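What follows is a single structure, written as structure tokens, with notes after it.
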Amino acid sequence: MSIDTETARKVAHLARIRVEEADLPALAGELSNILTFMEQLNEVDVSGVEPMTSVTPMRLKRRADVVTDGDIQEKVLSNAPDAREGFFAVPKVVE
Amino acid sequence: MSSNTLTIEAARDALRKREITSVELTEACLKAAGASTKLNAFVHHTPDLALEMAKAADARLASGDAPSMCGIPLGIKDLFCTRGVPSQAASNILSGFTPEYESTVTSKLFGDGAVMLGKLNMDEFAMGSSNENSAYGPAINPWRDGLTPGGSSGGSAAAVAADLCIAATGTDTGGSIRQPAAFTGTVGIKPTYGRVSRWGVVAYASSLDQAGPMTKSVRDAAIMLGSMAGHDAKDSTSADIAVPDFEAALTGDIRGKKIGIPREYRMDGMSDEIDALWRRGAEMLKDAGAQIVDISLPHTKYALPAYYVIAPAEASSNLARYDGVRYGMRATLNAGDDITDMYEKTRAKGFGKEVQRRVMVGAYVLSAGFYDAYYNRARKVRALIKRDFELAFADGVDAILAPATPTPAFEIGKKSDNPVEAYLNDVFTVTLNLAGLPGVSVPVGLSASGLPLGLQLIGQPWQEAELLNHAYVLEKSAGFVAKPAKWW
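Line by line, the protein sequences give chains A and U.
Using the working numbering, count along the first sequence one by one with no gaps and you end on 234.
Using the working numbering, count along the second sequence one by one with no gaps and you end on 659.
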């Protein structure tokens with residue numbers, strides 16, 4: 140699978156990573172190289188095999204649906220790059 | 172001999188006999204760590220906290236209530252969240268992040284009285300095999316300047332090998348405990364998936380990540396794993412299975428045990444040195460009374476490509492949380508930049524090259540139209556890899572012996588140009604993560620160039636006790652005592 144510049148641009152956007160226009164061809168080359176390596180998987184006969192979903196065959200535990208903490212607004216916001224008046228602040232979203 | 176060179180076992184016994192105090196032991200480690208700038212292993216030092224913890228440990232030792240880890244100074248991989256202490260997974264995107272909470276693993280260790288010396292270098296978000304993908308710059312192998320200590324737990328391995336601490340925590344997603352242990356002549360065990368809680372450990376690939384100890388001996392690994400392991404309600408994949416006394420399992424008796432030698436691990440182009448080491452390891456186990464059998468794990472070859480689909484897929488999802496809003500850094504924005512600009516600029520500036528690459532590969536293999544061709548196919552191959560091991564164990568194999576790495580430690584900069592070539596480092600280790608099995612790396616010999624070489628033992632699920640006993644036999648037979656000469 141060869142990745143072209145246009146696909147590289149789309150992937151970068153999907154991943155929400157800004158890639159400068161000039162760097163897209165190099166990125167496309169790197170991604171192609173990695174995907175080619177992955178294509179070895181096409182040699183394997185996987186007919187009738189279920190995709191693995193859990194590492195160990197055990198039921199996930201469920202916990203009681205109750206509140207176990209809270210009132211920690213300050214702690215939650217303490218690492219935010221921009222917190223104001225008890226909220227996370229971001230650039231304007233609504234026009 | 173300075174006390175920082177002690178093992179956990181020796182330090183524990185000396186502490187209990189009051190031959191040494193935890194404060195003295197901690198001061199010796201802090202001194203060694205403080206004079207190790209060239210190794211770049213410790214990236215955040217916490218001397219005040221360490222001495223405070225050591226004093227508390229001494230009080231506890233005096234009262235007679237002292238678990239094995241009480242008073243033992245540890246280095247903590249930067250991937251573990253530690254309350255009030257920078258925890259940034261060696262990433263610029265988490266610069267300035269100081270968690271308000273403590274990971275379950277460090278809570279358990281500190282609850283048993285262990286002392287934290289500081290945080291250790293690693294590959295960013297645990298993505299890498301040479302510690303070169305780090306916002307702090309590479310850690311250096313104490314065995315020789317200019318060589319990598321391996322990765323991603325490179326700082327942990329370097330710190331243990333150089334006696335900057337008594338032991339360290341590591342994490343292993345594709346070999347990140349076992350490969351650096353092999354490169355530095357130390358011991359590292361990746362437990363069965365679910366044995367150790369992942370809560371508070373910065374996530375890379377959640378179905379593969381496991382934390383484990385990195386130590387100077389197999390007995391130390393058994394002692395420290397006992398403190399780290401156990402069920403945790405905060406990690407839904409943590410197993411509610413009793414934790415045995417791993418240290419008590421070290422009987423040194425493996426008579427009648429069946430050790431499998433997987434023929435597919437004898438790769439084309441494998442060096443004579445690694446091949447000879449592997450044969451020698453098998454001889455040692457045979458001399459101890461084990462039976463050596465050839466086994467086949469036919470899908471081994473596909474473990475690496477499957478891993479490099481699954482791990483990036485999970486990473487792209489896990490790392491979506493770094494958005495410049497809740498923690499860490501936010502890129503400087505221009506007037507008029509919107510929220511998407513904020514995400515894209517922050518992630519471009521905050522993530523290193525390899526992390527960006529894996530996040531993008533993950534986004535691609537999960538995207539519409541490619542999900543079945545890549546991600547689902549990889550998960551099917553993963554099921555086949557796991558089945559290979561299940562069949563071998565069903566045939567009566569107790570443990571599997573394999574090399575830990577294809578080569579000894581290599582030069583920094585040598586493999587960083589080509590990502591696919593760098594991925595080949597993990598060829599002997601990723602299979603276990605895919606299958607969720609425990610594996611331990613034990614130093615067995617020196618290369619022609621005087622560098623440590625390790626072998627890997629692979630165990631059945633939840634049988635870390637038996638696995639460590641096999642490792643203990645291998646360690647005793649190999650008698651590896653070499654240490655790096657101090658140059659740093």
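Just so you know, even glycine gets a beta-carbon here, dropped at the ideal spot from N, CA and C.
Here the structure is a predicted model, which means the values were calculated and not measured.
Checklist entry - How many Å lie between Q212 of chain A and G225 of chain A at the Cα? => result So the alpha carbons of these two residues sit roughly 7 Å apart.
Next on the checklist: On a Cα-Cα basis, can you pick out the residue from A:T146, A:S186, A:R202 that is closest to D406 of chain U?
Outcome noted: Among A:T146, A:S186, A:R202, the Cα nearest to that of D406 of chain U is on A:R202.
Item to check | First and last residue of the uninterrupted alpha helix (DSSP H) at L210 of chain U | outcome: The continuous stretches of alpha helix (DSSP H) do not include L210 of chain U, and DSSP gives it neither H nor E.
Next on the checklist: Between U:E273, U:W370, U:T253, U:F522, which has its C-alpha nearest L490 of chain U's C-alpha?
Outcome noted: The candidate whose alpha carbon is nearest that of L490 of chain U is U:F522.
Item to check | Cβ pair L617 of chain U, A453 of chain U closer than 8 Å | outcome: Not closer than 8 Å, so no.
Item to check | Proximal residues of chain A, C-beta to C-beta of L555 of chain U below 8 Å | outcome: Residues of chain A whose Cβ lies closer than 8 Å to the Cβ of L555 of chain U are, in chain order, V183, V185, V188.
Checklist entry - Can a CB atom of chain U be found closer than 8 Å to the CB of L163 of chain A? => result Not closer than 8 Å to any Cβ of chain U, the Cβ of L163 of chain A fails to qualify, so no.
Item to check | Span of the beta strand (DSSP E) around M385 of chain U | outcome: Start and end: 381-386.
Next on the checklist: Does S207 of chain U pass the burial test, meaning 16 or more other C-beta atoms within 10 Å, or should it be called exposed?
Outcome noted: Here S207 of chain U is buried. Its C-beta has 16 or more other C-beta atoms within 10 Å.
Checklist entry - By how many angstroms is the C-alpha of A306 of chain U removed from the C-alpha of K520 of chain U? => result Going from the Cα of K520 of chain U to the Cα of A306 of chain U covers about 11 Å.
Checklist entry - Between the stretch 463-478 of chain U and the stretch 359-370 of chain U, do at least 3 Cβ pairs fall closer than 8 Å? => result As far as the Cβ criterion goes, the stretch 463-478 of chain U does not touch the stretch 359-370 of chain U, which means the pair count is below three.
Next on the checklist: Pairs of beta-carbons, one from the stretch 577-585 of chain U and one from the stretch 607-615 of chain U, closer than 8 Å: are there three or more?
Outcome noted: The stretch 577-585 of chain U, when compared against the stretch 607-615 of chain U, does not touch it at the 8 Å Cβ threshold.
Checklist entry - Who does A573 of chain U pair with in a DSSP beta bridge? => result Bridge partners of A573 of chain U: U:Q627.
Next on the checklist: To the nearest angstrom, how far is the alpha carbon of L624 of chain U from that of K457 of chain U?
Outcome noted: Their backbone Cα atoms lie some 20 Å apart in a straight line.
Checklist entry - Are E515 of chain U and R155 of chain A touching if we call contact CB-CB under 8 Å? => result For E515 of chain U and R155 of chain A, yes; Cβs fall inside 8 Å.
Checklist entry - When you compare only the Cα positions, how much space is there between S258 of chain U and F251 of chain U? => result Taking C-alpha positions only, S258 of chain U is separated from F251 of chain U by approximately 7 Å.
Checklist entry - What in chain U is Cβ-close to V150 of chain A, meaning under 7 Å? => result The CB of V150 of chain A comes closer than 7 Å to the CB of M531, A534, Y535 in chain U, given here in chain order.
Checklist entry - Apart from the five residues just before and just after R369 of chain U, which ones in its own chain have a Cβ nearer than 6 Å to its Cβ? => result D380, D406.
Checklist entry - Does S217 of chain A have its Cβ less than 8 Å from a Cβ in chain U? => result With respect to chain U, the C-beta atom of S217 of chain A has a partner C-beta closer than 8 Å.
Next on the checklist: Please list, in chain order, the chain A residues whose beta carbon lies closer than 8 Å to that of H470 of chain U.
Outcome noted: Going along chain A in sequence order, the residues near H470 of chain U (Cβ under 8 Å) are V183.
Checklist entry - Straight-line CA distance for D597 of chain U to G322 of chain U? => result Roughly 10 Å separates the two Cα atoms.
Item to check | C-beta contact flag for T578 of chain U and F599 of chain U at 8 Å | outcome: Cβ distance not < 8 Å, so T578 of chain U and F599 of chain U don't count as in contact.
Item to check | Neighbour list for A203 of chain A in chain U, Cβ cutoff strictly below 9 Å | outcome: Result: empty, since nearest Cβ-Cβ is about 10 Å, beyond 9 Å.
Item to check | Of the residues U:S377, U:R434, U:S324, the one placed nearest P351 of chain U, counting alpha carbons only | outcome: Closest option to P351 of chain U, Cα to Cα, is U:S324.
Item to check | Complete runs of the alpha helix (DSSP H) confined to the stretch 439-501 of chain U [at least 4 residues] | outcome: Runs of the alpha helix (DSSP H) inside the stretch 439-501 of chain U: 443-458, 474-489.
Checklist entry - A149 of chain U to D424 of chain U, Cα distance in whole Å? => result Within the shown structure, residues of chain U are numbered from 172 to 659, placing residue 149 of chain U beyond reach of any answer.
Checklist entry - DSSP on V158 of chain U, reduced to helix/strand/coil? => result Within the shown structure, residues of chain U are numbered from 172 to 659, placing residue 158 of chain U beyond reach of any answer.
Item to check | From U:N505, U:L555, U:P483, residue whose alpha carbon lies closest to that of M191 of chain A | outcome: Taking the Cα of M191 of chain A as reference, the smallest distance to any Cα among U:N505, U:L555, U:P483 is reached at U:L555.
Item to check | L626 of chain U and L603 of chain U closer than 8 Å at C-beta | outcome: 8 Å or more divides the Cβ of L626 of chain U from the Cβ of L603 of chain U.
Item to check | Residues bridged to P433 of chain U [DSSP beta-bridge criterion] | outcome: Its beta-bridge partners are U:I466.
Item to check | Anticipated Cβ contact below 8 Å, Y493 of chain U with G371 of chain U, distance rounded | outcome: The beta-carbon distance between Y493 of chain U and G371 of chain U, rounded to whole angstroms, is 17 Å. This is too long to meet the 8 Å contact definition.
Item to check | Residues, ordered as in the chain, of the stretch 499-530 of chain U that lie near chain A by beta-carbon distance below 8 Å | outcome: Those would be G499, M500, R501, L504, D508, D509, I510, T511, D512, M513, Y514, E515, K516, R518, A519, F522, Q527, R528, V530, in chain order.
Next on the checklist: So that I know if they touch, is there some Cβ in chain U lying closer than 8 Å to that of F226 of chain A?
Outcome noted: It does not; no Cβ of chain U falls within 8 Å.
Next on the checklist: I'd like to know if T195 of chain A contacts chain U, where contact means its C-beta is closer than 8 Å to some C-beta of that chain.
Outcome noted: True, the Cβ-Cβ gap to chain U drops below 8 Å.
Item to check | Residues of its chain near A549 of chain U, where Cβ-Cβ distance is below 6 Å and the 5 sequence neighbours each way are ignored | outcome: For A549 of chain U, where only same-chain residues beyond five positions count, the Cβ hits under 6 Å are A477, V480, I481.
Checklist entry - Which whole-angstrom value describes the C-beta separation of A310 of chain U and T386 of chain U, a residue pair presumed to lie in contact below a C-beta threshold of 8 Å? => result Contact flag wrong, Cβ pair sits at about 17 Å.
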